[in-house]
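Encoded as structure tokens, the structure appears first; notes follow it.
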Amino acid sequence: MAILPIIKYPKEILRKTAEPISEISEEIVTLATNMAETMYDAPGIGLAAPQVGVSKRLFVIDLGKDENEEKKSELLTFINPQIIESRGKMKYEEGCLSIPEIREYVERPSWVKVKALSISGQEFELEAEGLLAICIQHELDHLNGVLFIDYLKGLKKKLIAKKLMAFENIK
Ligand code: NI
Numbered sequence: 116m117a118i119l120p121i122i123k124y125p126k127e128i129l130r131k132t133a134e135p136i137s138e139i140s141e142e143i144v145t146l147a148t149n150m151a152e153t154m155y156d157a158p159g160i161g162l163a164a165p166q167v168g169v170s171k172r173l174f175v176i177d178l179g180k181d182e183n184e185e186k187k188s189e190l191l192t193f194i195n196p197q198i199i200e201s202r203g204k205m206k207y208e209e210g211c212l213s214i215p216e217i218r219e220y221v222e223r224p225s226w227v228k229v230k231a232l233s234i235s236g237q238e239f240e241l242e243a244e245g246l247l248a249i250c251i252q253h254e255l256d257h258l259n260g261v262l263f264i265d266y267l268k269g270l271k272k273k274l275i276a277k278k279l280m281a282f283e284n285i286k
């Protein structure tokens, strides 16, 4: 197992459409394991393969524990995920390990049904709501080169532009 370096905005790979995974090879299993370890280390609740420099359709999520130390979810691995249904609306203050220090409210569907392959190659469907639904959509966006800051409009967009420029200057 290894902790991988996290690619930061505005690196080009974060804007690419990731490739579907045709075979869950040993390499993919190792990648998923290392991504989980990297996510726990960060710490974060989700991490997509492009964020560790691999343009493939894979992400991991673990919401961790709530304030009562109850587990909110297990480690979930999604390979070639697709959202097949969504409904509702909710606003959540999102952040991203690739865009440190910026958190902004984004509105997304509050409920999604997602289809994906597990790390053992089994197809599964999952219905998710609330934070898990938000997290799935945020990570799936990464596979399509979309970042949460892309949803910001008007004044909010202007307000973060300065912070983003600081990132661009250190690339
Ligand atoms: Ni992110």
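In the working numbering, the protein residues as written are 116 to 286. By construction, the Cβ of each residue, glycine as well, lies at the ideal position given by its N, Cα and C atoms. None of these values were measured; they are calculated from a predicted model.
DSSP, read as helix, strand or coil, puts residue 118 in coil.
By the neighbour-count criterion, in which a residue is buried when 16 or more other Cβ atoms sit within 10 angstroms of its Cβ, residue 213 is buried. Comparing alpha-carbon positions, the option among 169, 160, 194 lying closest to residue 187 turns out to be 160. Remark: C-beta atoms of residue 133 and residue 253 do not approach each other more closely than 9 angstroms.
When DSSP states are grouped into helix, strand and coil, residue 161 belongs to the strand group. With a cutoff of 9 angstroms on beta-carbon distance, residue 189 and residue 267 are scored as not near each other.
Counting C-beta atoms within 10 angstroms of its own C-beta, residue 166 has 16 or more neighbours from the protein chains shown and is therefore classed as buried.
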